[in-house]
Amino acid sequence: MAMRKDRRGMAVMVDAMIFLVALTILSAAIVSVPQLGPSDDRGEILRSYHAVMLAGEIPGNGSGSMAAASLADYLMAVALGARAPNEGQIDLIRGMVNGTIVELERSAGTAWLVIEVGQSTLLFGTLPLENGRDVYADRRELGDGTVSSTLFLVR
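Residue 32 in my numbering sits at position 30 of the sequence shown, with consecutive numbering throughout.
Okay, structure coming up:
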């Protein structure tokens with residue numbers, strides 16, 4: 003009878019030890035997972051800003067067929083014109099993107115936007131002068147690929 007109680011006690015002790023070993027291994031695995039660094043955060047921030055920028059609505063008087071159109075819709079409509087964007091269109095695009103670029107620069111670093119509409123390339127923001135720094139980019143192709151928007155960020 004005394005032997006059985008010892009064996010049950012031993013089984014309980016072995017179970018407890020296995021549980022503690024498993025818990026220790028799991029804790030070590032959780033602690034050793036690398037945390038997301040600034041480079042990973044910057045890529046996510048860039049994607050978020052770019053998505054918001056392209057989804058922003060065109061400022062205007064609220065009438066007409068383009069009253070509730072986003073920047074992405076407007077860029078595709080400009081591309082359908084089959085000619086280079088005129089100064090008025092470029093000014094409207096600049097007005098839509100400059101605020102976002104300034105805000106991104108305040109929080110994350112130097113930013114600029116390159117929009118390709120057909121054969122035309124539009125640049126908004128300021129290109130960095132220094133070389134050798136990390137550059138992040140988020141590229142979006144709109145519609146049938148005749149319009150692309152690439153937002154750059156230098157850390």
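Note that beta-carbon positions come from the ideal geometry of N, C-alpha and C, so glycine has one too.
Bear in mind that the values here come from a model prediction, so they are computed numbers and not experimental data.
For Ile-60, there is no enclosing beta strand (DSSP E), as DSSP gives it neither H nor E. Cβ neighbours of Thr-102 within its own chain (closer than 8 Å, five residues either side excluded): Tyr-51, Val-54, Met-55 and Gly-58. Taking each of Arg-9, Gly-145, Leu-153 and Arg-44 in turn and checking the Cα distance to Ile-117, the smallest one comes out for Leu-153.
For Thr-112 and Val-156, the gap between their C-alpha atoms comes out near 5 Å. Gly-127 has its alpha-carbon roughly 9 Å from the corresponding atom of Val-99.
Under the three-state reduction of DSSP output, Thr-112 falls in the strand class.
Looking at Asp-146, Ala-139 and Pro-61, the one whose alpha-carbon comes closest to that of Leu-115 is Ala-139. The continuous alpha helix (DSSP H) containing Ala-81 extends over residues 73-82. A Cβ-Cβ separation of about 5 Å places Ala-81 in contact with Thr-148 under the 8 Å criterion. Burial of Ile-60 is indicated by the presence of at least 16 other C-beta atoms within 10 angstroms of its C-beta. Boundaries of the beta strand (DSSP E) harbouring Leu-124: 122-127, taken from the DSSP string.
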